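Note sheet for the following structure.
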Amino acid sequence: MSIFAPVTRRQRLLPLSTAQWAAWTAAILVIALVPLGYTDQYILSIIVTALILVILNSSWNFLLGMAGVWNFGQLAIYACGGYGAGLLILEWGVPAWAALFAGGAIASAVSILLAFPTLRLYGIYTSLLTFSFAEVILFVILNDNTGTTGGPFGLDFVNGLYPSLSPLASMRAYYWTALLVAVLTLAAIAAVMQTRFGMALRAVRDSLPYGAARGISALRYRVLAFGFSGFIAGIAGALYTDFNNTIQPSVMGLTPMSIYVTMLVVGGLGTVLGPVLGTAILVTLQTLLVDHPGIELTILGSALLVIVVFFPRGLVGEAASLSRRFSAWLGEEEVAGEEQSTP
Amino acid sequence: MTDLVAILVSGVILGSVYALVAIGMTLVYGILRVLDMSQGSMVMAGGFAGWAVLTSWGLNPLVALLFAFAITFGLGVATQLVSVQPLLGRTGVDFEMITFITTFAVATVIQNVALEVFGPRQKDVPPIIGGTVNIYHGVSISMQSILMAIVSIAIIGLLGAFIARSRYGVAIRAVAQDLDAARLMAVPVRGMFPIVMGFASALAGVAGVFLGALYFASPTTGELPLLIALIVVIFGGLGSLLGTIYAAYAIGLIQSSVSVEIGTQWAFPVLYAVILAVLVVRPQGLAGRPSEARL
């Protein structure tokens, strides 16, 4: 038995009923309307940052939870997107919108390059190699004295997507941009998981020998997964640079990594909505404890420990498993007398 | 010639300390199949323990080493009990990966408790002994570095003798070879795990006192030793003690030669390129054996 939900083939790309479509559309519309009525710049900027994190965490979750590749170098890929977009804007005067996609493409390329040595390994060596990849990228940027990346100070004065708008209008514009990208990311990941590609990834995740025996090339699909996930992470990084007009090496490192891993694990690895829930909970917690960074991270670390030990599926995973057991129980009532075995 | 002597001397000194940090990691991995990500924070805790004894209480340096050893031993045992012991024998989870995350969580907690208690400022840990020795034209090393290398080699030698000769060491090797067979031979496996992890952490704690004097003690000083230990264990092969020792000296020599000949900021990229090359040719590290699922 795996901690992940069983793999079942569904017919449509987004397996939602009409009522669910309506509910999701309504929920997204309500979230989109928030900045029209509510104009506190501080809170709005926290929400935009959280939305960017949702994009990053979803891309990471795609590799960790859905493809089952224990990649701990995703923050370096994210930074590649952010630095790539920032340098394109600053050095070559590339338009910010083009740089956004270029950042995604750069990150995707780096991610695919990282995939080849990584996928030669298995188990703990995968996490070791990717983790040290991220640390080395961080180290190189911190000690860069050529002036390209700005060393520990990062890139400054990057003109974002909306340089000509007033502060409030540009905040709203970023809010909607980040929301749009986050929704598209989640929809894309949910849809990809229903395609041949997603099915193959999950099959190989759950049992590599079985997948290989059914003719699935683990290498090919996992390299594709690195590329896909890297692209999304790169877009998130470029959005970060655009929104903050700057990017520093502090977006990487152990502290952000422990926060984002906690978000993923609390929400539930391998679920589409897990990163959203985890990010929402932890960003709220961070905002409340903003004056006590030490206490905040101590709580985060302890929460991560408790969740991993007692609820390894995460909140969304546990809820989904509960609801599956509940409907199985209802089903048993209906077909009383028939033999039903639940593991 | 001066360069060569400098490279050799600093390579051997760095290698000895790296071996001290990395050997704990490989010991824990060999026995528990846990990659102990809290090893870096043990280096940091050892640094603070040494700082407290040497500056605040003004006691003998030997006391500082023993105190750091005791503190990090306790921390290591606690880490194991909290983050690894509850997961032993758990089905449906990937034990190696899940403990990678839980020990990482413990490291986060330790690091941030230190941040709350000691604050973010760097503390200067005084050297255990002062003075420098001129060993060759223009190449001089501090007594502290020599002592660091000597103590590291002595501890590794003691550990080797302990594992090779003592009854307990034989039990440790038995568990590393075959857990179930060891259990059948009445080795108290479960009770042994916390103690092994305590020892591994204590080695890192002792290294922390020396590294703290070489650099300084602050809540984030554990990150670099952790990264180096990771590179060393990948290079040497997880779970292989001899491989780890060779790898530690190889990494120390590569780092010092790159630092002297090309520049300090290139040391890590070159090291990373080296381990990439090693892993592409030998995915199990230099001396590692293919791992198999256990526990």
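Same order as they appear, the protein sequences are chains A and B.
Numbered per the working numbering, the first sequence finishes at 745, counting up by one with no gaps.
Numbered per the working numbering, the second sequence finishes at 279, counting up by one with no gaps.
Idealized CB from N, CA, C, for every residue including glycine.
Quick caveat: nothing in here was measured; it's all calculated off a predicted structure.
| query | result |
| --- | --- |
| Taking the alpha-carbon positions, what's the A:W578 to A:S568 distance? | 15 Å |
| Consult DSSP for B:I118 and reduce its assignment to one of helix, strand or coil. | Residue identity differs from the one stated: residue 118 of chain B is Asn in this sequence, not Ile. DSSP places B:N118 in strand when its eight states are reduced to three. |
| Determine the chain A residues that contact B:S67 at a beta-carbon separation under 9 Å, and present them in chain order. | L707, V710, V711 |
| Closest to A:T551 by C-alpha separation, out of A:V606, A:G525, A:I491, A:D608, would be which residue? | A:I491 |
| Taking the Cβ atom as the reference point for each residue, do A:T664 and A:G703 lie within a distance shorter than 9 Å? | yes |
| Assuming the contact rule is C-beta atoms closer than 8 Å, A:F628 and A:S513 should be a hit. Round their C-beta distance to whole Å, please. | 5 Å |
| Reducing DSSP to helix, strand and coil, say where A:L557 ends up. | strand |
| If you measure from the beta carbon of A:E720 to each beta carbon in chain B, is any gap under 9 Å? | no |
| For B:I125, write down the residues that DSSP places opposite it in a beta bridge. | B:V117 |
| Tell me whether the stretch 251 to 270 of chain B and the stretch 11 to 21 of chain B touch, counting them as touching only if at least three CB pairs, one residue from each stretch, are closer than 8 Å. | no |
| Mind checking whether A:V710 and B:I82 have CB atoms under 9 Å apart? | yes |
| Under 8 Å, with one C-beta from each stretch per pair, do the stretch 500 to 519 of chain A and the stretch 622 to 636 of chain A reach the 3-pair mark? | yes |
| Thinking just about the alpha-carbon of each residue, which of A:T597, A:V692, A:G617 is nearest to the one in A:P417? | A:T597 |
| Taking 9 Å as the threshold (C-beta atoms), are B:W41 and B:A201 in contact? | no |
| At a Cβ cut of 7 Å, what residues of the stretch 237 to 255 of chain B count as close to chain A, listed as they run along the chain? | Q249, F252, P253 |
| Note down, in chain order, each residue of its chain lying with its Cβ closer than 8 Å to the Cβ of A:N547, except the 5 sequence neighbours on either side. | G553 |
| Considering just the uninterrupted stretch of the alpha helix (DSSP H) at B:Q161, what are its terminal residues? | 151 to 161 |
| In the DSSP output, which residue or residues are listed as bridge partners for A:I649? | A:L557 |
| Let me check understanding here. Comparing Cα to Cα, which of B:I238, B:V90, B:P104, B:R149 lies closest to B:P253? | B:I238 |
| Taking C-alpha atoms, which residue in B:G31, B:A231, B:L222 lies nearest to B:K107? | B:G31 |
| Output needed for B:M176: all residues of its chain with C-beta closer than 6 Å, excluding positions within five of it in sequence on either side, in chain order. | none |
| With distance defined between alpha-carbon atoms, name the residue in A:E698, A:Y524, A:A580 nearest to A:I637. | A:A580 |
| What number of angstroms, rounded off, separates the C-alpha of A:S619 from the C-alpha of B:S240? | 42 Å |
| What does DSSP give as the partner residue(s) for B:A89 in the beta ladder? | Bridge partners of B:A89: none, in fact. |
| Using a cut-off of 7 Å between C-beta atoms, extract the partners of A:S631 located in chain B. | The contacting residues do not exist; A:S631 stays about 17 Å from chain B at best. |
| To the nearest angstrom, how far is the alpha carbon of B:V159 from that of A:F713? | 29 Å |
| Along chain B, in chain order, which residues have C-beta atoms closer than 8 Å to that of A:V663? | I85, F88 |
| Along the chain, where does the alpha helix (DSSP H) that runs through B:P178 open and close? | 173 to 198 |
| Please list the terminal residues of the continuous alpha helix (DSSP H) segment that includes A:P569. | 569 to 594 |
| Please report the residue range of the alpha helix (DSSP H) in which B:S241 lies. | 225 to 245 |
| Report the option in A:V692, A:G676, A:G439 whose CA atom is closest to the CA atom of A:G716. | A:G676 |
| With DSSP collapsed to three states, give me the class of A:E730. | It should be pointed out that residue 730 of chain A corresponds to Ala in this sequence rather than to Glu. DSSP places A:A730 in helix when its eight states are reduced to three. |
| Using 8 Å for Cβ pairs, my map puts B:F102 next to B:P203. What's the rounded Cβ distance? | 7 Å |
| Can you tell me whether A:P651 is buried or exposed, with buried defined as 16 or more other CB within 10 angstroms of its CB? | buried |
| What do you reckon, are the CB atoms on B:A52 and B:V180 nearer than 9 Å? | no |
| Could you tell me which chain B residues have their CB closer than 8 Å to the CB of A:F503, listed as they occur along the chain? | In chain order: nothing, as chain B lies at least about 28 Å away. |
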